[in-house]
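Numbering-wise, the sequence shown is residues 1 to 93 according to full-length UniProt numbering.
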Amino acid sequence: MILTFASKETEQIWNGIRVKKMPIEIQNVGRRKLRMLNNSQDISDLRIPPSNRLEKLTGKLNEYYSIRINKQWRVIFVWEKGNASEVQIIDYH
1 MILTFASKET EQIWNGIRVK KMPIEIQNVG RRKLRMLNNS QDISDLRIPP SNRLEKLTGK
61 LNEYYSIRIN KQWRVIFVWE KGNASEVQII DYH
């Protein structure tokens, strides 16, 4: 379950509100990925579909996991006790 969002734009996308900062197709796929994240009970649930490419991040984002929207965009989040927090859609490159 998603507990918190790290950006108001990501929360707006979750609530079905379009934002100007990112392409509509990224928002649509991002919303679908957010639903997957919200419905996950275990981090391993996000390994399917393989296109998610679930990974634990390193460096300054070492507390975060990510799943891919495409080659450029990611949903990043902190996973604790079956819940996601600090959820954000970011331009990873």
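Even glycine gets a Cβ: it sits at the ideal position worked out from N, Cα and C.
CA-to-CA distance, residue j to residue i, given in whole angstroms
i: W14; j: S7; result: 11 Å
i: E63; j: L34; result: 18 Å
i: V29; j: K60; result: 26 Å
i: V75; j: S85; result: 11 Å
i: D42; j: K21; result: 31 Å
i: T4; j: V87; result: 6 Å
For residue i, the residue or residues it bridges with in DSSP
i: K56; result: Y65
i: W14; result: Looking at the DSSP assignment, W14 forms no beta bridge with any residue, so it has no partner.
Among the options, nearest to residue i - alpha-carbon criterion
i: S51; options: V78, L34, N70 and D45; result: N70
i: I67; options: S44, K81, G82 and E80; result: S44
i: R31; options: R47, R53 and W73; result: W73
7 Å CB neighbourhood of residue i in its chain, flanking five on each side removed
i: V19; result: E9, Q12, I13 and Q27
Neighbourhood of residue i by C-beta distance below 6 Å, restricted to the same chain and skipping five residues each side
i: G82; result: Q41
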